[in-house]
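Residue numbers 9 to 260, in this note's numbering, belong to the letters of the sequence shown in order.
In this text, a Cβ means the ideal position worked out from N, Cα and C, and glycines have one as well.
One structure below.
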Amino acid sequence: MTERDLAGKGAIITGSSRGIGAATAQLIGERGAGVVVNYRAKAPRANKVVKGIEEAGGRAVAVQADLTEAAGSQALVEAAVQSFGSLDLLILNASGGMEADRGEHYALKLNRDAQVTMVETAMDVMPAGSQIVFVTSHQAHFINQVATMDAYEPVARSKRAGEDALRALVPALDEKGILLTIVSGDMIEGTITATLLNRAQPGAIEARREAAGKLYTVEEFAEEIAKLVNKPGLEQAHTELVGGAADFLSRQ
């Protein structure tokens, strides 16, 4: 039986209508938290995630919000407070930048600026003891020391910029008693990003799998993210390296 250690808590998981975000939302919902399932455009997918959480005995609501728009973050925060009474957990999973139709500065706008706006908006209502989890990749986390594929470099640098911007907010988070946790993973099997990278550079997934020894699936990575939620003893701005990190660390 799943421990319901998050009962009575309100959570937002950005970009949670599919993939890692959806799998994480399911796990967090099973632990008792009320979950705001965020989507940008595909309501049916988000509603399916909500249904899955509810069928497992949890509570969830789907909320449309584009994080790159001013009203997006506020809509998510208001939904958490109105639906579940509080906002105690924010998982920053949404990311992108390889989309061809979103403009040349979209990666930085989403992966840095929108992340900061989301945190600053959430901080206004999050009580002491709350947690913010930022999900990133080894390709982004180590980009200043280890080169990545040309097709992914702009995204990697924008996500590293987002991580750095969130770390700069630590003094303000400390004042409010809010914990920041960074989760960095290798290329994840079955994600849109991995598929696009493999299309841009055929063999990329196979090469990373060989270098890392194993690539996590969406479900496996979601489990690693969920394990860090409400985990005792975490230090402020702790970085959890999930899978393949030895390869990156040896190349610094």
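If distances are taken between C-alpha atoms only, which option among the options comes closest to residue i?
i: Met-157; options: Met-131, Ala-215, Lys-184, Glu-171; result: Ala-215
i: Ala-78; options: Val-127, Ala-208, Leu-35; result: Val-127
i: Ala-102; options: Ser-145, Pro-240, Ala-155, Glu-38; result: Ser-145
i: Ile-20; options: Ala-253, Glu-63, Ala-73, Ala-220; result: Ala-73
i: Arg-207; options: Tyr-160, Gly-80, Arg-259, Ser-24; result: Tyr-160
i: Ala-180; options: Asp-132, Glu-63, Gly-193; result: Asp-132
i: Leu-14; options: Arg-175, Tyr-224, Gln-34; result: Gln-34
i: Ala-253; options: Val-191, Leu-205, Gln-82; result: Val-191
i: Ser-25; options: Gly-241, Gln-90, Ser-258, Val-57; result: Val-57
i: Ser-81; options: Ala-130, Asn-238, Gln-209, Ile-186; result: Ala-130
i: Val-250; options: Ala-220, Gly-241, Asn-238, Pro-240; result: Ala-220
i: Tyr-263; options: Ile-36, Pro-162, Leu-242, Pro-240; result: What is shown of the chain runs 9 to 260, which leaves residue 263 out entirely.
I need the straight-line Cα distance from residue i to residue j, nearest angstrom please.
i: Asn-119; j: Glu-183; result: 25 Å
i: Gly-211; j: Glu-232; result: 26 Å
i: Leu-97; j: Gly-170; result: 19 Å
i: Ile-140; j: Glu-218; result: 32 Å
i: Lys-6; j: Gly-193; result: Look at the range of the chain in this structure, 9 to 260, and you will see that residue 6 is not part of it.
i: Ala-88; j: Lys-59; result: 17 Å
i: His-23; j: Ile-99; result: Looking at the sequence provided, one finds Gly at residue 23 rather than His. Going by the C-alpha atoms only, they are around 9 Å apart.
i: Ala-70; j: Gly-104; result: 20 Å
i: Glu-62; j: Val-44; result: 12 Å
i: Glu-38; j: Glu-11; result: 8 Å
i: Thr-203; j: Thr-189; result: 27 Å
With 16 as the cutoff for other CB atoms within 10 Å, does residue i come out buried or exposed?
i: Gly-137; result: exposed
i: Leu-95; result: buried
i: Asn-46; result: buried
i: Lys-222; result: exposed
i: Ser-258; result: exposed
i: Lys-167; result: buried
Can you find the residues in the same chain that come closer than 6 Å, C-beta to C-beta, to residue i, ignoring five residues on each side of it along the sequence?
i: Arg-67; result: Gly-42
i: Asp-31; result: Reading off the sequence shown, one finds Ala at residue 31, where the question assumed Asp. Result list for Ala-31: Val-226, Glu-227, Ala-230, in chain order.
i: Ala-173; result: Arg-120, Val-124
i: Phe-256; result: His-146, Phe-150, Val-154
i: Ala-164; result: Gln-147, Ala-148, Ile-151, Thr-156
Give every residue of the same chain whose Cβ lies closer than 8 Å to the Cβ of residue i, excluding the five residues on either side of it in the sequence, and list them in chain order.
i: Lys-17; result: Gly-40, Ala-41, Gly-42, Phe-92, Ser-94, Asp-96, Leu-97
i: Ile-28; result: Asn-101, Val-143, Ile-196, Thr-199, Val-226, Phe-229, Ala-230, Ile-233
Taking 7 Å as the limit between beta carbons, can you name the residues of its chain near residue i, skipping five residues before and five after?
i: Thr-76; result: Lys-117, Leu-118, Ala-122
Quiz item: Hey, is the region 242-250 in contact with the region 39-54, meaning 3+ C-beta pairs nearer than 8 Å?
Solution: Not touching, per the Cβ criterion.
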